[in-house]
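Quick note on our numbering: the sequence shown kicks off at 439 and runs consecutively.
Every residue gets a Cβ at the ideal spot worked out from N, C-alpha and C, and that includes glycine.
Keep in mind the model is a prediction, meaning the values are calculated, not measured.
Okay, structure first, notes after.
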Amino acid sequence: MDKEINYGDDYMYIPATSVQSGEGIEVLPDVFCYTIQIVNIVLIGNPNSNEFVLIDAGMPGSADKIFSIIEERFGEDSKPQAIILTHGHFDHVGGIIELVDRWNIPVYAHPLELPYLTGEKSYPTPDATVEGGMIAKMSPMFPNTPINLGNHIKTLPEDGTVPHLDEFRWIHTPGHSQGHVSLFRENDKTLIAGDAFVTVKQDALYKVLTQEQEISGPPRYLTPDWRSAKESVMKLESLKPTVAVTGHGLPMSGKLLTESLTELVENFDQIALPEYGKYVDKDYH
Ligand SMILES: [Zn+2]
Ligand SMILES: [Zn+2]
439 MDKEINYGDD YMYIPATSVQ SGEGIEVLPD VFCYTIQIVN IVLIGNPNSN
489 EFVLIDAGMP GSADKIFSII EERFGEDSKP QAIILTHGHF DHVGGIIELV
539 DRWNIPVYAH PLELPYLTGE KSYPTPDATV EGGMIAKMSP MFPNTPINLG
589 NHIKTLPEDG TVPHLDEFRW IHTPGHSQGH VSLFRENDKT LIAGDAFVTV
639 KQDALYKVLT QEQEISGPPR YLTPDWRSAK ESVMKLESLK PTVAVTGHGL
689 PMSGKLLTES LTELVENFDQ IALPEYGKYV DKDYH
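Here is the structure:
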């Protein structure tokens with residue numbers, strides 16, 4: 439394996455799952471969402487072509503699974519033109535070293551996310567004390583030291599375009615992480631939201647297990663900037679997406695999405711903001 443690229447020292451498999459794990463959904467003819475344990479990866483591109491892009495890279499230990507999903511959808515020996523990261527949390531880069539090592543393709547992320555992807559900086563430690571459930575309590579075991587993608591990592595173009603995805607543009611949606619981005623396609627209002635908001639309550643383990651659909655802010659235990667997180671949700675709501683694929687939970691569309699996003703914007707503090715936790719700013723209100 440390429441010596442320059444590696445996972446952090448605390449990289450490990452995390453035993454978490456959901457009923458959706460191992461399921462793929464064709465959200466649109468060219469948008470395929472697949473759930474790895476509790477997190478989604480997205481493949482954008484027509485399955486009859488060899489031109490496609492992978493969004494995010496799953497849980498630790500999931501590289502082989504990702505290889506087989508791609509082979510199944512795009513054919514043997516096919517590989518994406520690039521990987522785009524919504525952000526660099528462990529559950530979105532879990533298979534990336536093996537993927538990059540085999541495919542030798544670029545990985546794009548927001549410039550503010552780069553220190554966490556080049557071995558320079560660790561994310562703030564997850565808040566196990568935050569209001570809400572088992573996943574938060576499990577969070578101290580989550581890998582936190584940064585991976586290093588060496589010279590495979592590239593910054594997203596400043597003009598908002600997305601490499602290899604002509605119809606999409608990226609939108610800076612910080613809060614959950616500083617360099618978090620979402621992807622939006624104007625012509626059919628398709629949104630790849632990452633963890634800017636999710637459709638399952640991450641802090642309630644039984645809801646993660648059943649993937650019961652319910653809009654929520656970003657995962658609580660890993661969100662250090664709630665003010666920005668709220669502004670990001672407002673930004674996405676104002677785009678009036680008709681379908682949204684989120685980092686966690688089932689894709690949401692139509693009236694349910696519109697109404698849920700409006701509700702999330704109007705009642706962000708009640709729905710998203712934890713009542714207590716180390717990243718809840720006392721001056722927030
Ligand atoms: Zn995240
Ligand atoms: Zn996530």
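#1: Which of helix, strand or coil does DSSP assign to V531?
#2: Count the other CB atoms, across all protein chains shown, that sit within 10 Å of the CB of V638; report buried if there are 16 or more and exposed otherwise.
#3: Since Y546 sits in a beta bridge, which residues does DSSP pair it with?
#4: With a CB to CB cut of under 7 Å and the five nearest residues on each side skipped, what residues in its chain are close to L492?
#5: Run the proximity test for G685: is its beta-carbon closer than 7 Å to any non-hydrogen atom belonging to ligand 2?
#6: Below 6 Å CB to CB, which residues in the same chain sit around N484 once its five sequence neighbours on both sides are set aside?
#7: Kindly examine ligand 1 and report whether one of its heavy atoms sits closer than 7 Å to the Cβ of H610.
#8: Since A690 sits in a beta bridge, which residues does DSSP pair it with?
#9: Any heavy atom of ligand 3 closer than 7 Å to the Cβ of V531?
#10: Could you tell me whether the Cβ atoms of H530 and G685 are closer together than 8 Å?
#11: Should Q708 go down as buried or exposed, given a rule of 16 or more other Cβ atoms within 10 Å for buried?
#12: Using the rule of at least 16 other Cβ atoms within 10 Å of the residue's Cβ for burial, across every protein chain shown, is M672 buried or exposed?
#13: Quick one: is V600 buried, meaning 16 or more other Cβ sit within 10 Å of its Cβ, or exposed?
#14: Does the stretch 592-608 come within contact of the stretch 537-547, defined as at least 3 CB pairs closer than 8 Å?
#15: Enumerate in chain order the residues of its own chain whose CB-to-CB distance from Y714 is below 6 Å, with the five nearest sequence positions on each side excluded.
#16: Assess, as a yes-or-no matter, whether the stretch 628-637 is touched by the stretch 676-690 under the definition of 3 or more beta carbon pairs within less than 8 Å.
#17: Which residues are close to ligand 1, meaning CB closer than 5 Å to any heavy atom, in chain order?
#18: Can you find the residues in the same chain that come closer than 7 Å, C-beta to C-beta, to P712, ignoring five residues on each side of it along the sequence?
#19: So, with DSSP's three-state summary, where would you put V718?
#20: Suppose you measure from the CA of M439 to the CA of L688; what does that come to, to the nearest Å?
This is what the structure holds:
#1: coil
#2: buried
#3: Y546 pairs with I522 and K592.
#4: I479, L481, P518 and I521
#5: The answer is yes for G685.
#6: The beta carbon of N484 sits closer than 6 Å to those of D468, all from its chain and outside the five residues before and after it, given in chain order.
#7: no
#8: Residue identity differs from the one stated: residue 690 is Met in this sequence, not Ala. According to DSSP, M690 bridges with A682.
#9: Looking at this structure, you won't find ligand 3 anywhere; what it does contain is ligand 1 and ligand 2.
#10: Their beta carbons are under 8 Å apart, which means H530 touches G685 by this criterion.
#11: Classification of Q708: exposed, given that the 10 Å Cβ count is below 16.
#12: exposed
#13: buried
#14: yes
#15: E569
#16: yes
#17: H527 and D633
#18: V568, E569, G570, R658 and V718
#19: coil
#20: In this predicted model, M439 has a pLDDT of only 49, less than 50, meaning its place in the structure is not dependable enough to derive any value.
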